[in-house]
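Down below is the structure, laid out as structure tokens.
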Amino acid sequence: MKNLMDADLSESECMLVDVYRQLARTLEMYGDELPPFARRNGLKALAALWQVMNGLDMDPGQLYHVGA
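Take 8 as the starting number for the sequence shown in our numbering and just add one per residue.
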């Protein structure tokens, strides 16, 4: 996997990108079905992983669409 700077990501960095994307997708698709504490903590985790994505130059976009 390559980032926006066309640099190759390591396997561990790719795994973090996958975790971010899966959590974002889960919150988008099922966020309304989650208990309030799970949704809030999921959003906090997503915000922390957003920082990782930004640091890896992966252009994570904005989190407004998932309620963050």
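Even glycine gets a Cβ: it sits at the ideal position worked out from N, Cα and C.
Since this is a predicted model, take the numbers as computed values, not measurements.
I'd like to check one pair, L11 with D66: are the Cβ atoms closer than 8 angstroms? yes
Leaving out five residues on either side along the sequence, give the residues of the same chain with a beta carbon under 6 angstroms from the beta carbon of M60. Y27 and P67
Element boundaries [alpha helix (DSSP H), containing A55]: P43 to G62
Integer Cβ distance of L63 from G49, believed to fall under 8 angstroms: Between G49 and L63 the Cβ distance is about 21 angstroms, and since that is not below 8 angstroms, they are no contact.
Can you look up D15 in the DSSP assignment and give me helix, strand or coil? strand
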